[in-house]
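Asker: One structure, as structure tokens, below. Some questions next.
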Amino acid sequence: MNLTNLFKIALKALGNNRFRCFLTMLGIIIGVAAVITMLAVGQGSKRSIQAQISEMGSNMIMIHPGGERRGGVRLSSEDMESLKTEDLEDIRSQTVFVTYVSPVVNSSGQAVYGANNTPTTIYGVNRDYLEIRRYRVENGDLFSDRDIQTAAKVCLVGKSVADELFPDGQNPIGKVIRFGTIPMRVIGVLESKGYNSMGMDQDDLIIAPYTTVQKRILAITHLQEIVCSALAEEYTDRAIDEITDVIRVNHRLKDTDEDDFSIRSQQELSSMMTSTTDMMTVLLAAVAGISLLVGGIGIMNIMYVSVTERTREIGLRMSIGAKGRDIMAQFLIESILISVTGGIIGVVLGVGAALLVNILASYPVYVQSWSVLLSFAVCTVTGVFFGWYPARKAARLDPIDAIRYE
Amino acid sequence: MKEVIRLEDIRRDFIVGSETVHALRGVSFTIHAGEFVTVMGSSGSGKSTLLNMLGCLDTPTSGEYYLDGVSVRTMDRNRRAVLRNRKIGFVFQNYNLLPKTTAVENVELPLMYNPVYSARQRRQKAVAALEAVGLGDRLLHKSNQMSGGQMQRVAIARALVNDPAVILADEATGNLDTRTSLEVIVLFQKLHAQGRTIIFVTHNPEIARYSSRNITLRDGHVISDVKNADIMDAAGTLASLPAEEEQS
Numbered sequence: 147m148n149l150t151n152l153f154k155i156a157l158k159a160l161g162n163n164r165f166r167c168f169l170t171m172l173g174i175i176i177g178v179a180a181v182i183t184m185l186a187v188g189q190g191s192k193r194s195i196q197a198q199i200s201e202m203g204s205n206m207i208m209i210h211p212g213g214e215r216r217g218g219v220r221l222s223s224e225d226m227e228s229l230k231t232e233d234l235e236d237i238r239s240q241t242v243f244v245t246y247v248s249p250v251v252n253s254s255g256q257a258v259y260g261a262n263n264t265p266t267t268i269y270g271v272n273r274d275y276l277e278i279r280r281y282r283v284e285n286g287d288l289f290s291d292r293d294i295q296t297a298a299k300v301c302l303v304g305k306s307v308a309d310e311l312f313p314d315g316q317n318p319i320g321k322v323i324r325f326g327t328i329p330m331r332v333i334g335v336l337e338s339k340g341y342n343s344m345g346m347d348q349d350d351l352i353i354a355p356y357t358t359v360q361k362r363i364l365a366i367t368h369l370q371e372i373v374c375s376a377l378a379e380e381y382t383d384r385a386i387d388e389i390t391d392v393i394r395v396n397h398r399l400k401d402t403d404e405d406d407f408s409i410r411s412q413q414e415l416s417s418m419m420t421s422t423t424d425m426m427t428v429l430l431a432a433v434a435g436i437s438l439l440v441g442g443i444g445i446m447n448i449m450y451v452s453v454t455e456r457t458r459e460i461g462l463r464m465s466i467g468a469k470g471r472d473i474m475a476q477f478l479i480e481s482i483l484i485s486v487t488g489g490i491i492g493v494v495l496g497v498g499a500a501l502l503v504n505i506l507a508s509y510p511v512y513v514q515s516w517s518v519l520l521s522f523a524v525c526t527v528t529g530v531f532f533g534w535y536p537a538r539k540a541a542r543l544d545p546i547d548a549i550r551y552e
Numbered sequence: 006m007k008e009v010i011r012l013e014d015i016r017r018d019f020i021v022g023s024e025t026v027h028a029l030r031g032v033s034f035t036i037h038a039g040e041f042v043t044v045m046g047s048s049g050s051g052k053s054t055l056l057n058m059l060g061c062l063d064t065p066t067s068g069e070y071y072l073d074g075v076s077v078r079t080m081d082r083n084r085r086a087v088l089r090n091r092k093i094g095f096v097f098q099n100y101n102l103l104p105k106t107t108a109v110e111n112v113e114l115p116l117m118y119n120p121v122y123s124a125r126q127r128r129q130k131a132v133a134a135l136e137a138v139g140l141g142d143r144l145l146h147k148s149n150q151m152s153g154g155q156m157q158r159v160a161i162a163r164a165l166v167n168d169p170a171v172i173l174a175d176e177a178t179g180n181l182d183t184r185t186s187l188e189v190i191v192l193f194q195k196l197h198a199q200g201r202t203i204i205f206v207t208h209n210p211e212i213a214r215y216s217s218r219n220i221t222l223r224d225g226h227v228i229s230d231v232k233n234a235d236i237m238d239a240a241g242t243l244a245s246l247p248a249e250e251e252q253s
């Protein structure tokens, strides 16, 4: 018997039992819709975390002094003065996988303009810093290399600082503000980056040449931190190796010595953050998958009922020439039709539900095409798998018994 | 005349628990094309087993069965299914029509399992078969919208549609009243007159009077096999019945 005929027969048989067929399908519909919605929600939150991290610079590498013991006492990294400007220069000149390098020295204090003031942090950096941390200058200009050489009293302010100090919408460019006691001329305003995933306001800062902060505010010559960016996120590990080598040579560490600095990368943070959401996604998908399984068992159940109910029909078909495989194909196609139709409706509903979650709860969702394909494939397999046994039972019936079955 | 069926010492044993039941104990006969044979016997005589055998639904324990010159005994399930599809038309006591399905679709069914027929050819042959049984005006009636006599005529059309070598009727009038039974027998006689080979299994001796040959079974043996010299005309009997309201 050809496929077209088998499909016609199956459609007719399902049509004869529309409501039952719909209820069976409902199990699959709910299962598939649940899988797709859950994966979409899970992937959505993962992506939004990843996006926030990459806003901070996903290929960022942070080098802190530390890890040194002196006479058995481990010193805090604050007290260490091991990172020097030379380390910065050598990282810049001797590495391949590092693109941008910036020193960081910072100080907290009160920024004042006229009657307004706000507590904030000043970061002493070089021009690369904006590239590494993905800041952009919205208004005005970045300080020049010459400003760095001369420790010029110029700065760029973050949006939050600008709003606090210039509440009436004055243009901050060219105005002289004070940070602590040091007057500084504002030469630029940074574009707003909003809050990061840890809830920190990324616009609450002042950026100045690092020499200015070192000499005029902190009165130090060492660097508190060096930040770099790797060529790309996947080269982070190789960049870290290069940097380690450069600094160890610079600090004249013997092979047996511990590093007197520590290196952390944003990649670690990123994988830590996403592993949590990955776990959530797996859990949600598992729950949804179970409901798909339950749907499959529903199909099996109804196919069994259907085979028993139609024993006489099977007997008749066999006596007029249907082979076992014709009967098997007929019932398998029925169960596949139920599951695939249920799957299609489930996909539509699932995607719809995901969008609804997005619109109503403004929760980030992302429907991946593979999750749709996967649940669709699982559906078809479910149809075959759970239809197989009843269909085989039908195919193995003895026509003599089946035709006289009451 | 051409041989359609030849049975040679057919035996069929069933093992029930630890006992062996001999349903057929050496049955032999030959049926030629164009015969209308009634196979009679009380229950337990082995006539159902014989019918299953003749219909290629079952195979004998020993003995040879030739259907249209082909030995059936060694065939597997699939080859017997094909054989049934091409050579045999079944008519059952309880009609066995597909529910909620039109007459023409029911009749098309055997051709669905024969890949040589296109959808159009199927439809043409089914319509022709229904016209042959006098249901040309009820092609699209569903099985639940028809009377018992009409349903049995649809079933007969279904048995005719593949031009079988033999039509096997299993108590085909068992569920019908006297009048409709006679109508069905009129139809069988008409098919017989057209040269069809018919085997009618029944326990009702009345029917034997309308056939050309009677085979009687008892305890798995053929106890009589006689040609009927005086075939009664079912149409005549029908006409002689007292007039009755047309059944709905």
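If you're matching them up, the sequences are chains A and B in order. In this text, residue positions in the first sequence follow the numbering used here: the first is 147, and each later residue adds one. In this text, residue positions in the second sequence follow the numbering used here: the first is 6, and each later residue adds one. Note that beta-carbon positions come from the ideal geometry of N, C-alpha and C, so glycine has one too.
Name the chain B residues whose beta carbon is nearer than 8 Å to that of I460/A?
Answerer: Those do not exist, as I460/A stays about 11 Å from chain B at its closest Cβ, beyond 8 Å.
Asker: Quick one: does A468/A have its CB under 7 Å from some CB of chain B?
Answerer: Chain B contact via Cβ: present.
Asker: Measuring alpha carbon to alpha carbon, tell me which of P265/A, M418/A and L234/A ends up nearest S372/A.
Answerer: Note that residue 372/A is Ile in the sequence shown, not Ser. It is L234/A.
Asker: State buried or exposed for D73/B, treating a residue as buried only when at least 16 other CB atoms are found within 10 Å of its CB.
Answerer: The residue is buried, with at least 16 neighbouring Cβ atoms inside 10 Å.
Asker: With respect to the alpha helix (DSSP H) encompassing V171/B, which residues constitute its N-terminal and C-terminal limits?
Answerer: Run containing V171/B: none in the alpha helix (DSSP H); it sits in the beta strand (DSSP E), V171 to D175.
Asker: What would DSSP say about S421/A, mapped onto helix, strand or coil?
Answerer: Three-state result, S421/A: helix.
Asker: Tell whether a beta-carbon distance below 7 Å holds between I445/A and S481/A.
Answerer: Against a cut-off of 7 Å, the Cβ pair of S481/A and I445/A comes out as a contact.
Asker: Mind checking if I473/A is an interface residue toward chain B, Cβ cutoff 7 Å exclusive?
Answerer: Not an interface residue.
Asker: Cutting at 7 Å between CB atoms, please list the residues of its own chain near L140/B, excluding the five before and the five after it.
Answerer: Cβ neighbours of L140/B beyond the five flanking positions: A108, Q155, R158, V159 and A162.
Asker: Taking the alpha-carbon positions, what's the T357/A to A297/A distance?
Answerer: Approximately 5 Å between the Cα atoms of the pair.
Asker: Relative to the C-alpha of V271/A, which residue among Q295/A, N263/A and V518/A is closest?
Answerer: The candidate whose alpha carbon is nearest that of V271/A is Q295/A.
Asker: Please look up how many angstroms separate the CB atoms of G94/B and I36/B, rounded, as I've assumed it's under 8 Å.
Answerer: That belief does not hold up - the Cβ atoms of G94/B and I36/B are roughly 15 Å apart, past 8 Å.
Asker: So, at 6 Å on beta carbons, what are the nonlocal neighbours of D14/B in its own chain, with the 5 sequence-adjacent residues on each side left out?
Answerer: G31, S33 and G68.
Asker: Given a cut-off of 7 Å on the beta-carbon distance, is the pair D236/A and V392/A in contact?
Answerer: Cβ atoms of D236/A and V392/A: closer than 7 Å.
Asker: If you measure from the beta carbon of P169/B to each beta carbon in chain A, is any gap under 7 Å?
Answerer: Cβ-Cβ to chain A under 7 Å: no for P169/B.
Asker: Using beta-carbon positions only, say whether A385/A and F289/A come within less than 7 Å of one another.
Answerer: Cβ atoms of A385/A and F289/A: not closer than 7 Å.
Asker: Where does N148/A land, buried or exposed, given buried means 16+ other C-beta within 10 angstroms?
Answerer: Burial call: exposed.
Asker: For M208/A, does the three-state DSSP call read helix, strand or coil?
Answerer: The answer is strand: DSSP assigns M208/A an E or B state.
Asker: Which residues of chain B have a Cβ atom closer than 8 Å to the Cβ of P545/A, listed in chain order?
Answerer: Ordered by position in chain B, the residues that pass the 8 Å Cβ test against P545/A are L62.
Asker: Please report the distance separating the alpha-carbon of K400/A from that of S228/A.
Answerer: Going by the C-alpha atoms only, they are around 16 Å apart.
Asker: Using the C-alpha atoms, what's the distance from I491/A back to L351/A?
Answerer: The straight-line gap from Cα to Cα measures roughly 52 Å.
Asker: Beta-carbon within less than 7 Å of S191/A's beta-carbon, same chain only, minus the 5 sequence neighbours each way: which residues are those?
Answerer: These residues qualify, in order along the chain: T423 and P510.
Asker: Give me the Cβ distance between I389/A and T245/A, rounded to the nearest whole Å; I'm assuming they're in contact under 8 Å.
Answerer: Not a contact, Cβ separation roughly 12 Å.
Asker: What's the C-alpha gap between G153/B and I436/A?
Answerer: Going from the Cα of G153/B to the Cα of I436/A covers about 49 Å.
Asker: With H, G and I counted as helix, E and B as strand and the rest as coil, what does DSSP make of L369/A?
Answerer: DSSP places L369/A in coil when its eight states are reduced to three.
Asker: Give the DSSP-derived three-state secondary structure of G286/A in the structure shown.
Answerer: G286/A: strand per DSSP, three-state reduction.
Asker: Quick check on DSSP: helix, strand or coil for M226/A?
Answerer: M226/A falls in the coil class under three-state DSSP.
Asker: Using the Cα positions of G161/A and V187/A, report the straight-line distance between them to the nearest angstrom.
Answerer: Their Cα atoms are separated by approximately 36 Å.
Asker: On the DSSP bridge assignment, give the partners of C301/A in chain order.
Answerer: Answer is V332/A, bridged to C301/A.
Asker: Report the CB separation of T242/B from L187/B in whole angstroms; it is logged as a contact under 8 Å.
Answerer: Their Cβ separation, rounded to whole angstroms, is 6 Å, which keeps T242/B and L187/B in contact under 8 Å.
Asker: According to DSSP, is H27/B helix, strand or coil?
Answerer: Reduced to three states, the DSSP call for H27/B is strand.
Asker: When you compare only the Cα positions, how much space is there between D293/A and T420/A?
Answerer: Distance between the alpha carbons of D293/A and T420/A: 40 Å.
Asker: In whole angstroms, what separates the C-alpha of S253/B from that of R538/A?
Answerer: Caution applies to S253/B, whose pLDDT of 47 falls short of 50 and renders its modelled position unreliable; the model cannot decide the point.
Asker: In chain A, which residues lie with their C-beta within 9 Å of the C-beta of F97/B?
Answerer: Result: L462, S465, I549 and R550.
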